[in-house]
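Engineer:
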DNA sequence: GTCTATAAATTGATAGAC
DNA sequence: GTCTATCAATTTATAGAC
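Residue numbers (this note's numbering), protein chains in the order written: chain A, -2 to 198; chain B, -2 to 198.
(1) According to DSSP, simplified to helix, strand and coil, what is residue 207(A)?
(2) Return yes when the Cβ of residue 185(A) is within less than 9 Å of the Cβ of residue 48(A), no when it is not.
(3) Go ahead and label residue 38(A) buried or exposed: buried means 16 or more other beta carbons lie within 10 angstroms of its beta carbon, across all protein chains shown.
(4) Residue 142(B): buried (16+ other C-beta within 10 angstroms of its C-beta) or exposed?
(5) In whole angstroms, what is the alpha-carbon distance linking residue 159(B) and residue 0(A)?
(6) For residue 131(B), which residues of its own chain have a beta-carbon under 8 Å away from its beta-carbon, when the five flanking residues on both sides are left out?
(7) Quick check on the DSSP output: the alpha helix (DSSP H) that includes residue 70(B) runs from which residue to which?
(8) Name the chain B residues whose beta carbon is nearer than 9 Å to that of residue 103(A)?
(9) Going along the chain, which residues of its own chain have a beta-carbon closer than 8 Å to the beta-carbon of residue 15(B), five neighbours each way excluded?
(10) Using only alpha-carbon positions, find the residue among 6(B), 172(B), 98(B) and 146(B) that is nearest to residue 34(B).
(11) Going by alpha carbons, who is nearest to residue 127(B) out of 51(B), 99(B) and 69(B)?
(12) Closer than 9 Å, CB to CB, is residue 141(B) near chain A or not?
(13) So, residue 92(A) versus residue 192(A), is the Cβ gap smaller than 9 Å?
(14) Exposed or buried, what is residue 120(A) when buried is set at 16 or more other beta-carbons lying within 10 Å of its beta-carbon?
(15) Rounded to whole angstroms, what's the CA-CA distance from residue 106(A) to residue 2(B)? Just pull it up for me.
(16) Report yes if the C-beta distance between residue 116(A) and residue 51(A) is below 9 Å; otherwise report no.
(17) Are the CB atoms of residue 147(A) and residue 196(A) within a distance shorter than 9 Å?
(18) Could you give the uninterrupted runs of the alpha helix (DSSP H) lying entirely in the stretch 7 to 64 of chain B, keeping only those of 4 residues or more?
(19) Rounded to a whole number of angstroms, what is the C-alpha to C-alpha distance between residue 110(B) and residue 55(A)?
(20) In chain order, what residues of the stretch 183 to 197 of chain A put their CB closer than 8 Å to some CB of chain B?
(21) Look at the Cβ atom of residue 113(B), then the Cβ atom of residue 167(A), and state whether they are nearer than 9 Å.
(22) Nearest by alpha-carbon distance to residue 122(A): which of 194(A), 9(A) and 64(A) is it?
(23) What does the alpha-carbon distance come out to for the pair residue 77(B) and residue 198(A)?
(24) Cβ of residue 99(A) within 9 Å of Cβ of residue 11(A)?
(25) Can you tell me whether residue 46(A) is buried or exposed? The criterion is at least 16 other CB atoms within 10 Å of its CB, across all chains shown.
(26) Against chain B, which members of the stretch 151 to 180 of chain A pass a CB distance test of less than 9 Å?
(27) Which bits of chain B does residue 34(A) rub up against, with CB to CB less than 9 Å?
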């Protein structure tokens, strides 16, 4: 079997868009073929089944969704600098890949048993975060807080606007996409300062 | 045409579960019939098509998702009491209907053009919120903040744990459902105080 | 009203020509 | 490698008996 690299890449790109937009159940092989500018038969020649193609796409999506970002909590900067850095890097990733959070959330909700393992395989380690927060509490730099609630707060603030883009746009921005983009841009600073104000003594 | 009320209610209940669990594209009429303890033919006798059934279910879901809750911002309690009350009521709704946020988010992401209008028809009015925040800023009760960012922060903190339950459970709670339930219970107070600390002068 | 049987439509996948 | 044509499986929807 021989493959044309250009064609195989066109397919992956098309599949990415189709799956992210419609989810596994809503995606159509015909639509992927159309987007790639080929026909279904050729699509199956390159990727044997819808499932095989989906596995490739979603595994790639997971590595983007769970970046090696907890490492900033290893550095010995003070807790506020660390949080600013974390939020900044974290939101930046989703600005670059805005449809990943909704895609992952949908698929994992529809099929938790088959997909949760991918959350671990990417090796997100929350221990460093927890420890750094506990240390900051001990040293009275921040208020006494449940580190897990705090982590959940941070992730909520960073991820939600991407997971629920149409809802946010429609509900608080009069359906204006321009306003949404502006809001997101300003968000890195907003979120970091909001968190820091909430926890500092 | 004559209908048995008990049967029609059994169907609606079954359809609710099936649609919420699998989404429109993943739901199967056969599965709904099975859950309701009837067969497909009878299901179609009561509800002409999958689409008709889905419309009923999702419209009901929207009215739960967007409750008449902004009214608390009309009351003349101080801003902190109001926020506490809002968060408390808001989270309570999703504790009672834990699968609604993920369901609505998924469907609206998959089909924004056909569904966003339902966000408005339920009449969530953010004006009262914005005004109350602006007043509190004027009177120097809270820091100078963009009211829309603040509203987004509040909604993010309340909704995200329900939209992304399996992710939260797996990523920060070692996959323990008990820990998740405990976390959610403690969350009403946590979120309210987090927000207040973030904005108070 | 409720059922069994079957039609009709959709969609993933394959055969075979070029 | 890429195509047209077709199959096979799944799933929504209907016909008709009781």
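We put the beta carbon where it would ideally sit given N, CA and C, even for glycine.
Structural biologist: For this structure:
(1) There is simply no residue 207(A) to check, as chain A begins at -2 and stops at 198 in what is shown.
(2) Position 51 of the first chain, counting from 1, holds the residue named residue 48(A). Position 188 of the first chain, counting from 1, holds the residue named residue 185(A). No.
(3) For the purposes of this step, residue 38(A) is taken as the residue at position 41 of the first chain. Under this definition residue 38(A) is an exposed residue.
(4) Against the second chain, residue 142(B) aligns to sequence position 145. Around the beta-carbon of residue 142(B), 16 or more other beta-carbon atoms lie within 10 Å, marking it buried.
(5) Walking along the second chain from the start, residue 159(B) turns up at place 162. Walking along the first chain from the start, residue 0(A) turns up at place 3. Their Cα atoms are separated by approximately 44 Å.
(6) Your numbering for residue 131(B) matches position 134 in the second chain. Short of 8 Å from the beta carbon of residue 131(B), and not among the five residues preceding or following it, lie these beta carbons of its own chain, in chain order: 144.
(7) Taking the second chain and counting its residues from 1, one reaches residue 70(B) at position 73. For residue 70(B), no alpha helix (DSSP H) encloses it, and the DSSP letter there is neither H nor E.
(8) Walking along the first chain from the start, residue 103(A) turns up at place 106. Per Cβ cutoff of 9 Å: 20, 99, 102, 103, 106 and 107.
(9) Stepping through the second chain from its first residue, residue 15(B) is reached at position 18. Once the five neighbours on either side are set aside, the close Cβ partners of residue 15(B) are 24, 25, 28, 29 and 32.
(10) For the purposes of this step, residue 34(B) is identified with residue 37 of the second chain, where counting begins at 1. Considering only alpha carbons, the answer is 6(B).
(11) For the purposes of this step, residue 127(B) is taken as the residue at position 130 of the second chain. Looking at the Cα atoms, 69(B) is the closest of the given residues.
(12) If you number the second chain from 1, residue 141(B) lands on position 144. For residue 141(B), the answer is no, since every Cβ of chain A falls outside 9 Å of its Cβ.
(13) Counting from one through the first chain, the residue named residue 92(A) turns up at place 95. Counting from one through the first chain, the residue named residue 192(A) turns up at place 195. In this structure, residue 92(A) keeps its C-beta atom at 9 Å or more from the C-beta atom of residue 192(A).
(14) Here residue 120(A) is taken as the residue at index 123 of the first chain, counted from 1. Exposed, because fewer than 16 other Cβ atoms sit within 10 Å of the Cβ of residue 120(A).
(15) Counted from its first residue, the first chain places residue 106(A) at position 109. Counted from its first residue, the second chain places residue 2(B) at position 5. In this structure, the straight-line span from the alpha carbon of residue 106(A) to that of residue 2(B) is close to 32 Å.
(16) Position 119 of the first chain, counted from the start, is the residue given in the question as residue 116(A). Position 54 of the first chain, counted from the start, is the residue given in the question as residue 51(A). No.
(17) Here the question's residue 196(A) lines up with position 199 in the first chain. Here the question's residue 147(A) lines up with position 150 in the first chain. With contacts defined as CB atoms closer than 9 Å, residue 196(A) and residue 147(A) qualify as a contacting pair.
(18) Whole alpha helix (DSSP H) segments, 4+ residues: 26 to 33, 37 to 43 and 47 to 62.
(19) As a first step, residue 110(B) must be located in the second chain, where it is residue number 113. As a first step, residue 55(A) must be located in the first chain, where it is residue number 58. Straight-line Cα distance between these residues: approximately 25 Å.
(20) If the cut-off is 8 Å between Cβ atoms, the stretch 183 to 197 of chain A has 183, 184, 187, 188, 191, 192, 194, 195 and 196 near chain B.
(21) Here the question's residue 113(B) lines up with position 116 in the second chain. Here the question's residue 167(A) lines up with position 170 in the first chain. Yes.
(22) Working through the first chain from its first residue, we reach residue 122(A) at position 125. Comparing Cα positions, the closest option is 64(A).
(23) Taking the second chain and counting its residues from 1, one reaches residue 77(B) at position 80. Taking the first chain and counting its residues from 1, one reaches residue 198(A) at position 201. So the two alpha carbons sit approximately 19 Å from each other.
(24) On the first chain, position 102 is the one that residue 99(A) refers to. On the first chain, position 14 is the one that residue 11(A) refers to. Cβ atoms of residue 99(A) and residue 11(A): not closer than 9 Å.
(25) Here residue 46(A) refers to the residue found at position 49 when the first chain is read from its first residue. Classification of residue 46(A): exposed, given that the 10 Å Cβ count is below 16.
(26) Using a CB distance below 9 Å, the part of the stretch 151 to 180 of chain A facing chain B consists of 152, 153, 154, 155, 156, 157, 158, 160, 161, 162, 163, 164, 165, 166, 167, 168, 169, 170, 172, 176 and 180, ordered along the chain.
(27) Taking the first chain and counting its residues from 1, the one referred to as residue 34(A) is at position 37. Neighbours of residue 34(A) on chain B: none; closest Cβ ~24 Å, over 9 Å.
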